[in-house]
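The structure appears below as structure tokens.
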Amino acid sequence: MSARHSMPHLVRRERASLTVKLLAPLFALAGATLVNLLLYVAIGKQPGAVFHAMLLEPFLSWASFSEVLLKLGPLLLIAQGLAIGFRAKVFNIGAEGQFILGAIFASAIPVWYPEATGAWIWPAMLMAGAAGGALWATITAFWRVRLNANEILVSLMLSLVAAQVLNYLLLGPWKDPNGFNFPQSVMFQYDAMLPLLFEGTRVNVSLLIAFLLSGLAFVFMQRSFPGYRLEVGGLAPRAAAYAGFSEARAIWLSLLIGGFAAGLAGAAEVAGPLGQLQRSISTGYGYSAIIVAYLGGLHPLGIVLSALVMAALSIGGDNAMVSADLPIAAVRVFQGSLLIAYLIATAFVRYRLEWPSASTGSRA
Amino acid sequence: MNAVEFILAGMLAAATPFLLAALGELVAERAGVLNLGVEGLMALGAALAFIVVYHGGGHLLAFVAGGLGAALLALIFAFVTLGLQANQVAAGLAIGIFGQGLSALFGKTYESLTVKGLPKLALPGLADLPVVGGLFVQDIVVWLSLLATLLIWAGFAFSKLGLVLRAVGENPKAAHSIGYPVILIRVAAVLFGGVMAGFAGAYASTVYTPLWADGMIAGRGWIAIALVVFGTWLTGRIFLGACLFGAVSLAGLAAQAGGVELPSQLLASLPYLVTILVLGIISSNRRLLKLNGVASLGEPYKP
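Residue numbers (my numbering), protein chains in the order written: chain A, 4 to 367; chain B, 6 to 308.
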């Protein structure tokens, strides 16, 4: 294009260097941090205290870092599943609902068989949870493939329905009769709990599973043919169709993987730190994981890092609530602005800004 | 008052938040931009408007504040997607989460407080009709929303502006080559959508249910986006769809009042279930979607 520009404009890079790609998330983090600290000043909080509590404290003691690891598990699991779909341009944003269904399916075992004992119980719960999440995602896949309905809207609506299903169970049939009318199930028996990974912390084996599945996601997306087919379907749907890669298959696979991972995370949450089915089983993991997936560049390794950042942010937000009187909503604001900042930063990975040149002769 | 009268009387007010947000989204989508952040825009508009009314600023100022606040947020979305050509889905989700977070942050000290709504104005004569009379007793915002619907319909049907907007959404390259500023028009459409979503939120928190609670938008922004699909991008059908959702959200109350024994959770899920169902029915008619859909929807455009 030879048109001369009078305003700064974006020029596509021939190829994005790896350094720029790696720097983008860091710039995004720095930018979002700065904007949010300014916001805290505006609402009359001490920015220094918030910064310390939110971004440093999570890493300063083993006790709080172990809590970060506890949050890391579900975020990592869900985001790895979602990213596979996002790369195939299948936008499953209903992980929250798939997580809830996973928690419900897993809880069915200890709720129905509270006296059961044996080492089979928690593995069975994890499997039931994964199946529940995948089953819930099946509805979205069917609606998209057979009825041509937009998967973004259907999966989100199903999340809102899932929250009501959970409410129904906890206020009705699954309410703990000795629970002083609180909307929660009975406490699960010992064998329904995931084994701990480190004594003295709440970190359990689900973290190992999350890392294991991250490794699998890496092999699947970066090294396998089915993963390649998914990616081509997302990048160049017509080329994929020409090559005989089925779109319906890609949609089913994306949604089932996403639902499976989110359901597994939901099961691990009730069989892990909670030990019962509660109304507040998820603190928005399903939505946060969308941000984790993008922030990690939809790459399995990047997601490990971004999940760690988001987990730390969440624990840091709890810290800041206690020590710096920061409203907990500030965490959601930070998360949202982090994704916005990332999208801005990645624009400069794909493009570079060119200022109108002062010398009249040069071509823009 | 029987159930039919109850639903007829309340339907338009219940439909208004859906209608305003969906009309705004319609304009943005017609120009080719898919903004999935409506839920967050509505939440921010609702929080700001509530705060203004609570401190005695009045409803007019509240709607201005809600509309402006949401427009500012929409401006960020426009900058990221239209200025920097970022993925519209990701940007919309980010704006949605950001807006909901901001609304919770600003609204924190107002949780569960209430304000006074707006008086209802009756159309003389029509309001006294049997059964349907309730339809003609509405607050000023409902009347203005009906007017806005009419104006937008006429704008698309008869005005040059409507034609240009559609051209930009159908074929941005062609629109650009005959001299229309595609990006500017899209930014304006997104801002219009932001203002309308802000109004929708303001109506929800200061008129329809004049109280503030975190998460009070409860998926209505998402249903508004679905309504644009239901209406196959046509103003009249979107209006009918909004009325349907107004009626559905009242049907639950009517059923409960009538002594029908249903779990309250089922009633709360009713709008979401209806959305899923209708979305399936309408979308399975691929010809209908193709006929009225927007060709460049969601695709970045670089002049």
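Think of the CB as a built atom: it goes at the ideal place given N, C-alpha and C, for glycine as much as any other residue.
Backbone CA spacing between residue i and residue j [nearest angstrom]
i        : j        : result
B/Met47  : B/Phe204 : 8 angstroms
A/Phe62  : B/Ala194 : 45 angstroms
B/Arg171 : B/Val233 : 15 angstroms
A/Leu172 : A/Lys178 : 7 angstroms
B/Ile157 : A/Val352 : 39 angstroms
A/Tyr193 : A/Ser283 : 21 angstroms
B/Leu73  : B/Val120 : 21 angstroms
B/Gly101 : B/Met16  : 27 angstroms
A/Ala292 : A/Ala144 : 20 angstroms
A/Ala195 : A/Ser317 : 27 angstroms
B/Gly122 : A/Ala327 : 36 angstroms
B/Asn176 : B/Ala33  : 15 angstroms
A/Ile294 : A/Gly339 : 8 angstroms
A/Leu79  : A/Ile306 : 7 angstroms
A/Ile260 : A/Gly84  : 6 angstroms
B/Leu49  : B/Ile243 : 23 angstroms
B/Tyr262 : B/Gln270 : It should be pointed out that residue 262 of chain B corresponds to Ala in this sequence rather than to Tyr. Rounded to the nearest angstrom, the two C-alpha atoms are 16 angstroms apart.
A/Ser365 : A/His12  : Its pLDDT being 41, under 50, A/Ser365 is placed unreliably in this model, and the value from its coordinates should be taken loosely. Taking the straight line joining both Cα atoms gives about 15 angstroms.
B/Gly130 : B/Val136 : 13 angstroms
A/Ala122 : A/Arg335 : 38 angstroms
B/Phe55  : B/Thr211 : 6 angstroms
Contacts of residue i in chain A (Cβ-Cβ under 7 angstroms)
i        : result
B/Tyr277 : Met160, Leu163, Val164
B/Leu107 : Val336
B/Lys125 : Those within 7 angstroms of B/Lys125 in chain A number zero; the least Cβ separation is about 30 angstroms.
B/Ile243 : Within chain A, no residue comes near B/Ile243; the closest Cβ sits about 15 angstroms away, beyond 7 angstroms.
Sequence-distant residues of its chain with Cβ nearer than 6 angstroms to residue i (five each side left out)
i        : result
B/Gln93  : Leu39, Thr86, Gly303
A/Arg147 : Glu154, Ile254
A/Gly132 : Gly105, Phe108, Ala109, Gly266, Leu267, Gly269, Ala270
B/Leu272 : Gly257
A/Ser362 : Only weak support exists for where A/Ser362 lies, its pLDDT of 47 falling under 50; the coordinates are left without a value.
Close Cβ partners of residue i (< 8 angstroms) along its chain, the five nearest in sequence each way excluded
i        : result
A/Pro198 : Trp125, Asn207, Val208
B/Gly224 : Glu44, Pro276, Tyr277
A/Leu187 : Reading the sequence as shown, one finds Gln at residue 187 of chain A and not Leu. Once the five neighbours on either side are set aside, the close Cβ partners of A/Gln187 are Leu173, Lys178, Asp179, Gln279, Leu280, Gln281, Arg282.
A/Leu75  : Leu210, Ala213, Ala310, Leu311, Ala314
B/Thr214 : Met221
A/Ala66  : Thr204
B/Ser117 : Leu216, Trp217, Ala218
B/Ala179 : Ala172
A/Trp358 : Pro11
Per-residue contacts from residue i into chain A (C-beta, under 9 angstroms)
i        : result
B/Ile56  : Correct list: empty, because the minimum Cβ distance to chain A is about 13 angstroms.
B/Phe250 : Ordered by position in chain A, no residue passes the 9 angstroms Cβ test against B/Phe250, which lies about 12 angstroms from the chain.
Under 7 angstroms by beta carbon: chain B residues contacting residue i
i        : result
A/Gln167 : Gln270, Ala273, Ser274
A/Leu150 : Gly285, Ser288, Ser289
A/Ile293 : Leu98
A/Asn170 : Gln270
Close beta carbons around residue i, own chain, < 7 angstroms, minus the five adjacent residues each side
i        : result
A/Phe89  : Ala296, Leu301
A/Met4   : Because A/Met4 carries a pLDDT of 42, less than 50, the predicted location of this residue cannot be relied on, and no value is offered for it.
B/Gly246 : Leu232, Phe235, Gly236
A/Leu72  : Val206, Leu210
A/Trp139 : Gly100, Gln101, Leu104, Leu161, Ala165, Gly262
A/Tyr290 : Glu99
B/Gly139 : Glu10, Leu13, Ala14
A/Arg16  : Arg353, Tyr354, Arg355
Proximal residues of chain A, C-beta to C-beta of residue i below 8 angstroms
i        : result
B/Lys113 : Pro330, Ala332
B/Leu41  : Ile155
Listed by chain order, chain B residues near residue i by CB distance under 8 angstroms
i        : result
A/Phe94  : Val94
A/Ala350 : Val85, Leu89, Gln90, Ala91
Chain B contact residues for residue i, given Cβ-Cβ distances below 9 angstroms
i        : result
A/Tyr288 : Within 9 angstroms Cβ-Cβ: nothing; A/Tyr288 doesn't reach chain B, min ~13 angstroms.
A/Trp65  : Simply none; closest approach about 30 angstroms.
Item to check | Residues from the region 316 to 348 of chain A in contact with chain B, defined by Cβ distance under 7 angstroms | outcome: Residues passing the 7 angstroms Cβ filter: Pro330, Ala332, Ala333, Arg335, Val336, Gln338, Gly339, Ser340, Leu342, Ile343, Leu346, Ile347.
Item to check | In chain order, each alpha helix (DSSP H) run of at least 4 residues that lies wholly inside the region 61 to 142 of chain B | outcome: Secondary structure in the region 61 to 142 of chain B: the alpha helix (DSSP H) runs of 4 residues or longer, each lying completely within the stretch, are 63 to 83, 93 to 112 in chain order.
Next on the checklist: Taking beta-carbon pairs under 9 angstroms, can you tell me which members of the region 60 to 94 of chain B lie near chain A?
Outcome noted: If you check each beta-carbon in the region 60 to 94 of chain B against every beta-carbon of chain A, the ones closer than 9 angstroms belong to Ile81, Phe82, Phe84, Val85, Thr86, Gly88, Leu89, Gln90, Ala91, Asn92, Val94.
Next on the checklist: Closer than 9 angstroms between beta carbons: that is the criterion. Which residues of the region 33 to 56 of chain A meet it against chain B?
Outcome noted: Answer in chain order: Leu42, Ile46.
Item to check | Residues in the region 278 to 294 of chain B having any Cβ partner in chain A nearer than 9 angstroms | outcome: Those residues of the region 278 to 294 of chain B that come within reach of chain A (Cβ to Cβ, closer than 9 angstroms) are Leu278, Thr280, Ile281, Leu284, Gly285, Ile286, Ile287, Ser288, Ser289, Asn290, Arg291, Leu294.
Next on the checklist: Output needed in chain order: residues of the region 156 to 186 of chain B with a Cβ under 9 angstroms from some Cβ in chain A.
Outcome noted: Contact annotation: in the region 156 to 186 of chain B, no residue has its CB less than 9 angstroms from a CB in chain A.
Item to check | Inside the region 13 to 59 of chain A only - beta strand (DSSP E) runs reaching at least 3 residues | outcome: Listed in chain order, nothing qualifies, since the region 13 to 59 of chain A has no complete beta strand (DSSP E) run of 3 or more residues.
Next on the checklist: Give me the subset of the region 219 to 236 of chain B whose CB atoms are less than 9 angstroms from a CB atom of chain A, sorted by chain position.
Outcome noted: Going along the region 219 to 236 of chain B in chain order, one finds Asp219, Ala223, Gly224, Trp227, Ile228, Ile230, Ala231, Val234 with a Cβ nearer than 9 angstroms to chain A.
Item to check | Under 7 angstroms (Cβ pairs) to chain B, residues found in the region 102 to 115 of chain A | outcome: Per Cβ criterion, the list is empty.
Next on the checklist: For the region 14 to 37 of chain B, list every residue whose C-beta sits within 8 angstroms of some C-beta in chain A, in sequence order.
Outcome noted: From the region 14 to 37 of chain B, no residue has a Cβ closer than 8 angstroms to chain A.
Checklist entry - In the region 244 to 308 of chain A, which residue ranges form an unbroken alpha helix (DSSP H) of at least 4 residues, counting only runs that do not cross its ends? => result Entirely contained in the region 244 to 308 of chain A, the alpha helix (DSSP H) runs reaching 4 residues are, in chain order, 250 to 272, 288 to 298.
Item to check | Any alpha helix (DSSP H) of 4 or more consecutive residues that is wholly inside the region 171 to 214 of chain B | outcome: The region 171 to 214 of chain B contains these whole alpha helix (DSSP H) runs: 177 to 182, 187 to 208.
Checklist entry - Mind pulling the alpha helix (DSSP H) runs of 4 or more residues that sit fully within the region 194 to 221 of chain A? => result You should have 209 to 221.
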